[in-house]
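Asker: So that we are looking at the same thing, I have put the structure below in structure tokens.
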Amino acid sequence: MVERALRPERDSISIAEHERLRRDFDALREQFEAADEVLSAIGRSAADPERVLATVVESARRLCRSQAAHLYFLEDDVYQLIKSTGLSEESIRFIAEHPMPLARDTLIGRVGLDRRTQQIPDVLADPEYGRHDLQRVGGFRTTMGAPLLVDGEVVGALLLWRNEVSPFDEREKAIVTAFAAQAAMAVNGVKLVQQMEAGGVELAKKVEELEALREVGEAVGSSLDVDRVLATIAMHAVKLSGTDGGSIMEYSEEDRCFMVRSVYQTDPHVVDRLHSIRIDLDETLVGRAARERRPMAVPDLDACDLDPHLRILHDDGWRSLAAVPMLREDQVVGALIVRRRRTGAFTSDTLDLLETFASQSALALVNAQLFRELKEQSIELELASTPYAIELNLRKGGTTHPFLTLQFLTDGRYEPDTALFLTPRGHEKHLVATDHLESDLLRGLTVPDLFDVVARHGLHFDQSRQVGVVFHMISCLTEHGRIGLTAVGDTPTEADRRYRDAERILVEEARLSLQEAPLPV
-6 MVERALRPER
4 DSISIAEHER
14 LRRDFDALRE
24 QFEAADEVLS
34 AIGRSAADPE
44 RVLATVVESA
54 RRLCRSQAAH
64 LYFLEDDVYQ
74 LIKSTGLSEE
84 SIRFIAEHPM
94 PLARDTLIGR
104 VGLDRRTQQI
114 PDVLADPEYG
124 RHDLQRVGGF
134 RTTMGAPLLV
144 DGEVVGALLL
154 WRNEVSPFDE
164 REKAIVTAFA
174 AQAAMAVNGV
184 KLVQQMEAGG
194 VELAKKVEEL
204 EALREVGEAV
214 GSSLDVDRVL
224 ATIAMHAVKL
234 SGTDGGSIME
244 YSEEDRCFMV
254 RSVYQTDPHV
264 VDRLHSIRID
274 LDETLVGRAA
284 RERRPMAVPD
294 LDACDLDPHL
304 RILHDDGWRS
314 LAAVPMLRED
324 QVVGALIVRR
334 RRTGAFTSDT
344 LDLLETFASQ
354 SALALVNAQL
364 FRELKEQSIE
374 LELASTPYAI
384 ELNLRKGGTT
394 HPFLTLQFLT
404 DGRYEPDTAL
414 FLTPRGHEKH
424 LVATDHLESD
434 LLRGLTVPDL
444 FDVVARHGLH
454 FDQSRQVGVV
464 FHMISCLTEH
474 GRIGLTAVGD
484 TPTEADRRYR
494 DAERILVEEA
504 RLSLQEAPLP
514 V
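Every letter in the sequence shown is one number past the one before it in this note's numbering, and letter 178, counting from 1, is 171.
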């Protein structure tokens, strides 16, 4: 009886054991099939790298009963998301845009630092865990990760998530460790192929850069049209840096601020707004780059304090930028800015390339400044040797045209669309002029008297500020009591004031001369 009673118990134990063995066998078979699929994919990785990474991630997620799985590359001590499964596109985008550094406030950081597989049973209960923004987006509670090791170096990590508190067992830990090793093989193979391909791409890129620099160098050396040269530089700087737009600014030492000289791929309305503000040396990012004599990059404009310049760009949808000072013999002459409509860091290679373009821009501006100075000196020399130079050079149809006077003095241009006269720097200039300032009193002045009045009262044209007074038709002064006068100002009011002051002083000096009173000294 006892023997018969025990037999069913032994049979039931045997059945339970058989069931357990069957489940283990099925799990091992599934694991083997998944491993075989991964190894097969690795064999094809050179031709289809995306497929092998997708296979690794999906197989790890399925075998370890996880809601999500992710594969990361480690670059410059920051984990960059390469592949993900089990999440929405929005969640994947958030994770990709908020990379994780190699630090202990995340599981993936600990995995890389400790170089071993680990898990956090509940991230909300872990006092060291610091990326609750990722947890809110992904909704995970339990997470496990394993490092990707190539020749003893951590090159990435494989990470699994569960949305409930459910720790991974030892079998699952072994699985993720094995898959991480297989993923490392795949990553290494893919990287080798990418390096070979990148070699060709890099060579082509270098050729493109050299060609662009050659074109820019030719433009700088052969053209005095600084606006055209700067436009060429801005275009190449944007294209070769992989950005979406840019600008070149000129620095005014007198005003301690920057003025936009050239733009590329920028909305005209934004350009108008940039012209309307003061980009100060001491209060802007551009100014800080100039003061510190080094490039400065902002990977995310949402995450920084916005000065007036950055505020305008941010309002127009720009999200990252780099500002590079333009230096000549360590003197600031301007700044080169490139911008992107997406967030992201700028590599050291990109900043080095931009510094080269900034140097070319500085040379172009210095050349233009030297040309302006040479032109000014030529005018001064001509005036010193021939008192009637302005009159003789600008007479048109028997009279001196005030507009030509302004154009001659400022090298500016008239804009028909706005009805404004602008200097090459984009500054407005206004004039009040006449060819017929007449009075019998003026007959009492000789040409040398006029030069003396100009010197004592400062009635000259200030070339540095491009404002002041110019007299012409001076050969008519003594004989006809008539002279031409052009007053130039930054505003209509200033031009009118300068004109009236010059007229008043000239008539008063003429009256004193007729009274045979000595000219004051």
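Note that beta-carbon positions come from the ideal geometry of N, C-alpha and C, so glycine has one too. Since this is a predicted model, take the numbers as computed values, not measurements.
1) State the Cα-Cα distance for the pair Met242 and Val253, rounded to the nearest angstrom.
2) Using DSSP with H/G/I as helix, E/B as strand and the rest coil, what is Ser341?
3) Pick helix, strand or coil for Arg86, following the three-state DSSP scheme.
4) Would you say the segment 135 to 145 touches the segment 82 to 90, given that touching needs at least three Cβ pairs under 8 angstroms?
5) For Leu314 versus Arg286, is the C-beta distance shorter than 8 angstroms?
6) Pick helix, strand or coil for Cys250, following the three-state DSSP scheme.
7) Taking the C-alpha atoms as reference points, what is the distance between Arg312 and Gly238?
8) Per DSSP, what are the beta-bridge partners of Tyr544 in this structure?
9) Output needed for Leu306: all residues of its chain with C-beta closer than 8 angstroms, excluding positions within five of it in sequence on either side, in chain order.
10) Comparing alpha-carbon positions, which option in Glu472, Gly235, Ser77 and Val71 lies nearest Arg55?
11) If you reduce the DSSP assignment to three classes, tell me which class Ser468 lands in.
12) What does a CB cutoff of less than 6 angstroms around Ala173 pick up in its chain, not counting 5 residues either side in sequence?
13) With DSSP as the reference, label Leu347 as helix, strand or coil.
14) Have a look at Ala96, Val71, Ala62 and Arg97 and flag the residue whose alpha-carbon is nearest the alpha-carbon of Ser81.
15) Quick one: grab the DSSP three-state call for Gly390.
16) Please identify the residue among Pro288, Glu146 and Lys422 whose C-alpha is closest to the C-alpha of Arg109.
17) Would DSSP call Arg129 helix, strand or coil?
18) Please confirm whether Leu399 and Lys422 have their CB atoms less than 8 angstroms apart.
19) Can you list, in chain order, the residues of its chain whose CB lies under 7 angstroms from that of His429, leaving out five sequence neighbours each side?
20) Pick helix, strand or coil for Glu165, following the three-state DSSP scheme.
21) Would you check if the distance between the CB atom of His450 and the CB atom of Ile498 is smaller than 8 angstroms?
22) Need the endpoints of the alpha helix (DSSP H) that Glu431 sits in, please.
23) Take the Cβ of His268 as the centre, count every other Cβ of all protein chains shown within 10 Å, and call the residue buried at 16 or more, exposed below.
24) Within 10 angstroms of the Cβ of Ala529, are there 16 or more other Cβ atoms? Answer buried if so, exposed if not.
25) Would Ser234 and Leu347 be called neighbours here (beta carbons separated by less than 8 angstroms)?
Answerer: Taking the coordinates as given:
1) Numbered from its first residue, the sequence shown carries residue 242 at position 249. Numbered from its first residue, the sequence shown carries residue 253 at position 260. About 4 angstroms.
2) Mapped onto the sequence shown, residue 341 falls at position 348. Of the three classes helix, strand and coil, the one that applies to Ser341 here is helix, per DSSP.
3) If you number the sequence shown from 1, residue 86 lands on position 93. Helix at Arg86.
4) no
5) Within the sequence shown, residue 314 is the residue found at index 321, counting from 1. Within the sequence shown, residue 286 is the residue found at index 293, counting from 1. No, these two residues do not count as a Cβ contact at 8 angstroms.
6) Residue numbering aside, residue 250 sits at position 257 when the sequence shown is read from its first letter. Residue state, collapsed to three classes: strand.
7) Against the sequence shown, residue 312 aligns to sequence position 319. Against the sequence shown, residue 238 aligns to sequence position 245. Their backbone Cα atoms lie some 11 angstroms apart in a straight line.
8) Missing from the structure shown is residue 544; the chain here goes from -6 to 514 and no further.
9) Sequence index remark: in the sequence shown, residue 306 carries index 313 (1-based). Here the set comprises Val263, Leu294, Leu314 and Arg332.
10) Mapped onto the sequence shown, residue 55 falls at position 62. Arg55 has its Cα closest to that of Ser77, out of Glu472, Gly235, Ser77 and Val71.
11) Taking the first residue of the sequence shown as 1, we reach residue 468 at position 475. Ser468: helix per DSSP, three-state reduction.
12) For the purposes of this step, residue 173 is taken as residue 180 along the sequence shown, with counting starting at 1. Once the five neighbours on either side are set aside, the close Cβ partners of Ala173 are Ala139, Leu141 and Leu151.
13) Start at 1 with the first residue of the sequence shown, and residue 347 comes out as number 354. Leu347 falls in the helix class under three-state DSSP.
14) Within the sequence shown, numbered from 1, the residue matching residue 81 stands at position 88. Of Ala96, Val71, Ala62 and Arg97, the residue nearest in Cα terms is Ala62.
15) Within the sequence shown, numbered from 1, the residue matching residue 390 stands at position 397. With a pLDDT of 40 at Gly390, under the threshold of 50, the modelled position of this residue cannot be trusted, and the question is left open.
16) By 1-based counting over the sequence shown, the position of residue 109 is 116. For Arg109, the nearest C-alpha among the options comes from Glu146.
17) Looking up residue 129 in the sequence shown gives position 136. Three-state result, Arg129: helix.
18) Counted from its first residue, the sequence shown places residue 399 at position 406. Counted from its first residue, the sequence shown places residue 422 at position 429. Yes; because the gap between Cβ atoms is below 8 angstroms, this pair is in contact.
19) As a working mapping, residue 429 is identified with position 436 in the sequence shown. Within the same chain, His429 has close Cβ partners Arg475.
20) Sequence index remark: in the sequence shown, residue 165 carries index 172 (1-based). Helix, per DSSP.
21) Your numbering for residue 450 matches position 457 in the sequence shown. Your numbering for residue 498 matches position 505 in the sequence shown. Yes, these two residues count as a Cβ contact at 8 angstroms.
22) Your numbering for residue 431 matches position 438 in the sequence shown. Run containing Glu431: none in the alpha helix (DSSP H); it sits in the beta strand (DSSP E), Glu421 to Glu431.
23) Within the sequence shown, the letter at position 275 stands for residue 268. The residue is exposed, with fewer than 16 neighbouring Cβ atoms inside 10 Å.
24) Shown here, the chain extends from -6 to 514; a query on residue 529 therefore has no answer.
25) Along the sequence shown, read from residue 1 onward, the residue named residue 234 stands at position 241. Along the sequence shown, read from residue 1 onward, the residue named residue 347 stands at position 354. In this structure, Leu347 lies closer than 8 angstroms to Ser234 by Cβ.
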